[in-house]
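2 protein chains.
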Amino acid sequence: MRGTSFEHINDDECRQFQAAVELAGRKWNAAILLAGARGARRFSEYRDSVDGISDRLLAARLRELEADGLIGRDVTPTTPVTISYTPTDDGRRLIALMRPLVLWSRERADRAPKAQSA
Amino acid sequence: MRGTSFEHINDDECRQFQAAVELAGRKWNAAILLAGARGARRFSEYRDSVDGISDRLLAARLRELEADGLIGRDVTPTTPVTISYTPTDDGRRLIALMRPLVLWSRERADRAPKAQSA
DNA sequence: CTGAATCCAATAGGATACTG
DNA sequence: CAGTATCCTATTGGATTCAG
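Top to bottom, those sequences are chains A and B. Those letters in the first sequence? Residues 151 to 268, by the numbering used here. Those letters in the second sequence? Residues 151 to 268, by the numbering used here.
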């Protein structure tokens, strides 16, 4: 079997990994994925849920996430058309894997409440 | 206890989380942390281990990671001074948490070997 | 050896206005 | 509703050179 510890990562795997983490770490993407996990489906729901993101960037990030297979885009031919963005299995698994990171960041935030007032 | 699922993340936590994931996802940082996990200590060891990074960016990323408490910088007053960068406890924990992401990215890479030759 | 300084090109991101 | 188009600025990252 292939190793599970970092000692055995090769360059190619490292690149794949970096690409994945960069995607997850890109500005807004975590919030967008989270919004999807919390039930957002329509464009406007994501826009409301993410808070602060512009239409342009939301559209761009959704397109990227779709291209990377993390979010699916479904068009229902109603009038007007209904467009629905749903996290894919892959996306859901990624979100699940990021849960420990949420806890990790919480702990850090608790230890360093802010920039300590000089 | 504070919830562990995304449904209960508030805006502030979301920001903390995003900052953390952005840091981890920033270009080179994953590779640098990995290099540290694999035993790199000296500047030149990271440079060799990361492969492709320039001095300028390696120095910049190390400074950031130090500022964020993920890597420690120790100066030993030999001649010339010996400088050693070691992952902190926090950094090591982050790396550990990213292991599942490595596996996740591997699976994806296996499923999508490359950009399929048109 | 360990960086800092400079210069440059590319990309990201934000604001706003507009469309099918 | 679900985006696009345009513009503009800030940030990134890469190469190269210089220095303690």
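Every residue gets a Cβ at the ideal spot worked out from N, C-alpha and C, and that includes glycine.
(request) Report the rounded CA-to-CA distance for I182(B) versus S255(B), giving the unit in angstroms. (result) 18 Å
(request) Could you pull out every residue in the same chain whose Cβ sits closer than 6 Å to the Cβ of G189(B), ignoring the five residues on either side in sequence? (result) none
(message) Buried or exposed, going by whether 16 or more other CB atoms sit within 10 Å of the CB of A210(A)?
(response) exposed
(request) Taking L244(A) as the reference, give the member of F156(A), A174(A) and N160(A) with the closest Cα. (result) A174(A)
(message) Considering only their Cβ atoms, is the gap separating R176(B) from E214(B) smaller than 9 Å?
(response) yes
(message) Which of the three DSSP states is assigned to S267(A) in this structure?
(response) Summary for S267(A): the model assigns pLDDT 36, below 50, so the residue's position carries little reliability, and this model does not support an answer.
(request) Please confirm if P227(B) has its CB atom under 9 Å from at least one CB of chain A. (result) no
(message) Quick check on R223(B): does DSSP put it in helix, strand or coil?
(response) strand
(message) Please report the straight-line C-alpha distance between V252(B) and D161(A), rounded to a whole angstrom.
(response) 12 Å
(request) For G175(B), return the contacting residues in chain A, with the cut-off set at a CB-CB distance below 7 Å. (result) V171, E172, A174, G175 and R176
(request) For D201(A), count neighbouring Cβ atoms within 10 angstroms of its own Cβ and tell me buried if that reaches 16, exposed if not. (result) exposed
(message) Please give me, in chain order, every unbroken run of the alpha helix (DSSP H) with length at least 4 that falls completely inside the region 157-213 of chain B.
(response) 161-175, 179-187 and 193-200
(message) Looking at the strands, I want to know which residues DSSP matches up with P237(B).
(response) I221(B)
(request) Can you tell me which of D224(B), P230(B), L220(B) and H158(B) puts its alpha carbon nearest to the alpha carbon of V269(B)? (result) Chain B is shown only over 151 to 268; residue 269(B) falls outside these bounds and no answer can be derived.
(request) Take T236(A) as the anchor and find which of E157(A), G186(A) and Q168(A) has the nearest alpha-carbon. (result) G186(A)
(message) Along the region 229-256 of chain B, where does the CB come closer than 8 Å to a CB of chain A? Name the residues.
(response) D240, R243, L244, I245, L247, M248, R249, P250, L251, V252, L253, W254, S255 and R256
(request) Run down chain B in chain order and give the residues with a C-beta less than 7 Å from the C-beta of D161(A). (result) D201
(request) Pull up the CB-CB distance for A180(B) and F156(A), whole angstroms please, since I reckon it's below 8 Å. (result) That belief does not hold up - the Cβ atoms of A180(B) and F156(A) are roughly 10 Å apart, past 8 Å.
(message) For L207(B) and T226(A), what's the separation of their Cα atoms in angstroms?
(response) 47 Å
(request) List the residues that DSSP assigns as beta-bridge partners of T229(B). (result) Answer is none; T229(B) lacks a bridge partner.
(request) Using a Cβ cut-off of 9 Å (strictly closer), state whether R188(A) contacts chain B. (result) yes
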